[in-house]
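In UniProt numbering, the protein residues as written are 1 to 225.
C-beta atoms are modelled at their ideal positions from N, C-alpha and C, and glycine is treated no differently.
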């Protein structure tokens, strides 16, 4: 099924991401809040399944995965965070998390914002006509990726207010509720956000049993081989 960014999560967002992390050697335990925390092998990144544990909403959707990275395994300070709501394609979240673990220093930013926009355009997305340096759209104008001011509840190692960061969303029908949303705090490395963007915009089909009704008419199926 394609496009991936409208294919939803098949109501298996927790399991599909968790399975990918387990295969990559991430450890898992239950926190005091009864959430599941997955820790990367180097101990520099964590991915927590938080759905139902708090009231943090993005685009009126419940946050499901909360990701954070630090400079040292013993550090309690999160350098940056990312949040993904229900409905986000699990393949994109998993690829993002595996890209974090592939970096020996996932808290350090080496690239500029162009890295993200270039990644999207390489997969067929297009820069916004009015603000080409900070926003891109999918070919059907049903999903976007933008550098914009972040919601107040998004935490970052930089304590200054009013920071901007990457935000992504799917809105298959203009004016209807969002299908999913994702945010990356201001200090999130652009190359890692680009890994999410590349996977999200990939033309490769994904397997789904229950495609989202909100994307009806915008999804195409590919026969199984």
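Extent of the continuous beta strand (DSSP E) run through residue 67
Residue numbering aside, residue 67 sits at position 67 when the chain shown is read from its first letter. Its beta strand (DSSP E) spans residues 61 to 69.
Pull up the distance between the alpha-carbon of residue 23 and that of residue 130, whole angstroms please.
Here the question's residue 23 lines up with position 23 in the chain shown. Here the question's residue 130 lines up with position 130 in the chain shown. Approximately 43 Å, taken between the alpha carbons.
Bounding residues of the alpha helix (DSSP H) (the contiguous stretch that carries residue 21)
Locating residue 21 in the chain shown gives position 21, where the first residue counts as 1. Its alpha helix (DSSP H) spans residues 13 to 23.
When the Cα atoms are used, what is the spatial distance from residue 33 to residue 110?
On the chain shown, position 33 is the one that residue 33 refers to. On the chain shown, position 110 is the one that residue 110 refers to. When rounded, the distance between both Cα atoms is 35 Å.
Does the pairing of the region 30 to 48 with the region 96 to 107 give three or more beta-carbon distances under 8 Å?
yes
Would you mind reading off the limits of the beta strand (DSSP E) that contains residue 84?
The residue given as residue 84 occupies position 84 in the chain shown. 80 to 85 is the span of the beta strand (DSSP E), which, as asked, contains residue 84.
What does a CB cutoff of less than 7 Å around residue 197 pick up in its chain, not counting 5 residues either side in sequence?
In the chain shown, the residue the question calls residue 197 occupies position 197. Once the five neighbours on either side are set aside, the close Cβ partners of residue 197 are 116, 119, 120, 145.
May I have the straight-line CA-CA distance separating residue 106 from residue 69, to the nearest angstrom?
Counted from its first residue, the chain shown places residue 106 at position 106. Counted from its first residue, the chain shown places residue 69 at position 69. Each residue's alpha carbon lies about 7 Å from the other.
Going by beta-carbon coordinates alone, are residue 218 and residue 177 separated by less than 7 Å?
Numbered from its first residue, the chain shown carries residue 218 at position 218. Numbered from its first residue, the chain shown carries residue 177 at position 177. Not in contact: residue 218 and residue 177 (Cβ atoms no closer than 7 Å).
Expressed to the nearest angstrom, what Euclidean distance is found between the alpha-carbon atoms of residue 52 and residue 125?
As a working note, residue 52 is residue 52 in the chain shown. As a working note, residue 125 is residue 125 in the chain shown. About 33 Å.
N-terminal and C-terminal residue of the alpha helix (DSSP H) that residue 190 is part of:
Reading the chain shown from its first residue, position 190 is the one you call residue 190. Its alpha helix (DSSP H) spans residues 190 to 200.
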